[in-house]
Amino acid sequence: MTIEELEQIAESVRLANAKHDHEINVCMGTGCMSQHSDKLKEALTAAVSAQGNNTLVRRTGCMGLCAAGPLVLVDPEEILYQHARAEDAEKIAASLGGEPVAELQCNLREHFDEQVHIVLENSGHIDPEKIDDYIAHDGYKALMKALTEMAPKDVIQQITESGLRGRGGGGYPTGLKWSTVAKAVGDMKYVICNGDEGDPGAFMDRSVLESDPQRVIEGMAIAAYAVGASKGFIYVRAEYPLAVSRLTIALREARRHGLLGNNICNTPFNFEVEIRLGAGAFVCGEETALIASIEGKRGTPKPRPPYPATSGLWGKPTLINNVETFANIAPIVRKGGKWFASIGSERSKGTKVFAITGKITNTGLVEVPMGISLRQIIEGIGGGVPDGHTLKAVQTGGPSGGCIPADMLDIGVSYDALVKIGSIMGSGGMIVMDDTSCMVNVARFFIEFCMTESCGKCIPCRTGTAQMHTLLTRICNGTGTMDDLELLEDLCSTVKETSLCGLGQTAPNPVLSTFKYFHNEYIEHIVHKRCAAGVCQMETVKSENEVVA
Amino acid sequence: MPVITPPPLPSEDKRWKIVNGTMRKSGFARHALIETLHTVQSSFGFLDDDAIRFVALSLHVPLSQAYGVATFYHYFTLKPPGKHTMTICTGTACYIKGTDKLLASAEKHLCIAEGETTKDGLISLTTARCVGACGRAPVVLTDGELQGQTTGDELIAQLERWRVE
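One line per chain: the protein sequences are A and B, in this order.
Okay, so the first sequence: first residue is 1 according to the working numbering, each after it adds one.
Okay, so the second sequence: first residue is 1001 according to the working numbering, each after it adds one.
In structure tokens, the structure reads:
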């Protein structure tokens, strides 16, 4: 593959597309597929050919607004239809070029207008199973540029300049990580893409892998070139069958086009990628545990140092980045690090993809510039809390994060700002809770999660989370005491400070943040035996004699 | 290097050939353990002792390690599943939308706990830690097919449909 050949493919796709008067894009991500958007696509294809329209019906990845699925986007008019069913296909086909079908139209301009799409720029616009579609949208130009015009150190320089930080949650500077692996000595190096999106309530990585898998592969190839690796692994959850199948197709197509394999783009650069399936262990999101899992072992973490950058997979220098991090690489190389650094806030550059779910009107996936306020995300883009309820808290960072109370919504979203208020950016799950959610119960839910997901290797995490769960269950039952609360607080700091890996070190966060901002709810449960949200079932209060007995 | 002779297939069952295929693809390397167990589970529905023993022998992995891996990961199951499987997502978004009540009503209706199969072997009830379809919470998987915004009545109706089939 040469740059000319790449251009040729892009041009032929553009010419073929230009022949059509209209393009109908049908969302076929997991969300819309569960509402039979595959049947909708078939019906639309049949309807347009029956009506003799010169229209292309395309399968695309996620368009983001899962709440309104199945979604259909008609181009070039940019008409978005929501809740479209197979029965509506003829109506949609008949309306092409004329008045849109009013009852299906989705008019949520503010939902889309405030977003900035870098990672999701192709999602909903290209067919994820066709590499040519990706190439027509500037795909693989960045890899070509890196291989033919840039030295590995120039690539790292651009990434460093961009200010990109790890999107898996830690926020470690990507350029620094890359240069550490590049400097590590070794004849064999590995690149791993962490797609073990274990945070319950987050689905950014799934969506990117389903909607634009080539972007991730291109990012990995550029990384491999920059650090001197020749072999890559993508670790994906087995719970994401659609992502796995799209990724498998994408890898096959990339190989067929000579964009993976030996002598890529007629240079000495070789790179091959394999998929590894996770098997349902949250701890495998931790990098050393993930490496153990790829090696075919139980996913238990190891103490660091040595860091994977110097001694990772099979003891070799290994670069591990998250799916979203890799998805940012191609545009940075294409447009330059300075361009990326111009977006976002002071110390958090670029954009972040969030999965907004829970008690919110527009559930789905959004990509916003860093620094945007939580209020803009929740009330503007997200459309606020539905059914007349009031917002109580926003949970970010999943089981490692915290609950942010409603009165702090004006803070800007960045790695440092979220840590400062006791939560974390995390991988991008954002769960909105209203007055029907009990914060003590939520804390118990997360601790239960960490308790079952603890790998059992270190004691503070294994037994600490179990004890915390017992105490929280007691408080939720109405049988907790003020001493329990004190003990719980003590345990939080012990588990936080003495656990081996990130899972244990961050497990107390949901408890600590609810302590801080919703302390009255704990007191209410313990002293008044009352759950204001009506979630916790209080055990009948025993008489004092019984308690003593 | 000792010459590796793979053990004979446990039975005539053709599915073992698929399992063997997965191991051959990686040259019977030890690190293919998890991949192979995935193949066993997708072919047979669960991992039994014979399967774990066969895979361990073929890949030259100690039995303890193979068993350790099979029990460490939630995705693997050592018990045969029922004819139908109802999986209820217990991720955060689903939990906030009341999936705990769905689970409780399913448990009550089937008279089994989560992770168990009805005595007649008809229905298994399992939970999943987030299937990533949070936009459609609460989510259940009926025989692997995703259903969003599920209500308690719909859930019971589905269980009843399986009963009368």
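Quick reminder that beta carbons are idealized off the backbone N, C-alpha and C, glycines included.
Small disclaimer: the values here were computed from a predicted structure and weren't measured.
Distances from the CA of A:P510 to each of A:G401, A:T494, A:G480 were compared; the closest alpha carbon is that of A:G401.
Here A:D196 has Y235, R237, G278, C284, G285, L290 as same chain residues with Cβ atoms under 7 Å from its own Cβ, once five neighbours each way along the sequence are excluded. Relative to the Cα of A:S499, the nearest Cα in the group A:S342, A:T300, A:Q376 belongs to A:T300. Judged by beta-carbon spacing, A:Q35 lies within the 8 Å limit of A:P70, meaning their Cβ atoms are closer than that value. Under the criterion of beta carbons closer than 8 Å, A:F449 and B:A1133 do not qualify as touching, at roughly 18 Å. DSSP places A:G429 inside the beta strand (DSSP E), whose first and last residues are 429-434. The beta carbon of B:H1060 sits no closer than 8 Å to any beta carbon of chain A. The C-beta of A:R206 comes closer than 8 Å to at least one C-beta of chain B. Excluding sequence positions up to five before and after B:C1094, its CB lies within less than 6 Å of the CB of A1137, P1138, V1139, all in the same chain and listed in chain order.
If you ignore the 5 residues before and after A:L176, its C-beta comes within less than 8 Å of the C-beta of T160, all in its own chain and listed in chain order. According to DSSP, A:H22 shares a beta bridge with A:T55. One thing to note: A:A224 has its Cβ no nearer than 8 Å to the Cβ of A:V185. Taking 4 residues as the minimum length, the alpha helix (DSSP H) runs contained wholly in the segment 239-308 of chain A are 241-256, 287-294, in order along the chain.
Approximately 5 Å separates the beta-carbon atoms of A:G169 and A:S427; this is inside 8 Å, confirming the contact.
Chain order gives no chain B residues near A:I447, where near means a beta carbon separation below 9 Å; the closest approach is about 13 Å. Going by beta carbons, A:A84 and A:L40 fall inside the 8 Å limit.
At a cut-off of 8 Å between beta carbons, B:C1134 contacts chain A. Contact annotation: in the segment 270-282 of chain A, residues whose CB is within less than 8 Å of a CB in chain B are R276, L277, G278, A279, G280, A281, F282. With a beta-carbon spacing of about 16 Å, A:T60 and B:G1135 fall beyond the 8 Å limit used to define contacts.
Contacts with chain A at 8 Å (Cβ-Cβ) do not include B:G1027.
A:P200 has a beta carbon lying within less than 8 Å of a beta carbon in chain B.
Each residue's CA atom was taken as its position, placing B:E1116 and B:T1126 some 7 Å apart. Any Cβ of chain A closer than 8 Å to the Cβ of B:G1045 would place that residue at the interface, and such an atom is absent. Look at A:T498: its C-beta is not under 8 Å from any C-beta on chain B.
In this structure, A:P399 lies near A:A507, with their beta-carbon atoms less than 8 Å apart. Following the DSSP letters along the chain, one finds A:N321 inside the beta strand (DSSP E) bounded by residues 318-322. When A:Q214, A:E272, A:I421 are compared, the shortest CA-CA separation from A:E129 is found for A:Q214. Taking the Cβ atoms as the reference, A:G166 lies roughly 10 Å from A:N328, outside the contact range of under 8 Å. For A:G344, DSSP records a beta bridge to A:K349. DSSP lists B:T1085, B:T1117 as the beta-bridge partner residues of B:S1124.
Under the three-state reduction of DSSP, A:Q376 is assigned to helix. The alpha-carbon separation between A:L65 and A:C32 amounts to approximately 10 Å. Beyond the five residues adjoining it in sequence on each side, A:T174 comes within less than 7 Å, by CB distance, of I159, L164, R165, G166, N321, T325 in the same chain, given in chain order. For the set A:I217, A:S207, A:D199, the Cα lying nearest the Cα of A:C193 is the one of A:I217. In its chain, beyond the 5 residues on either side, I131, Q214, I217, L260 have a beta carbon closer than 7 Å to the beta carbon of A:A254. For A:P405, the enclosing beta strand (DSSP E) begins and ends at 402-405.
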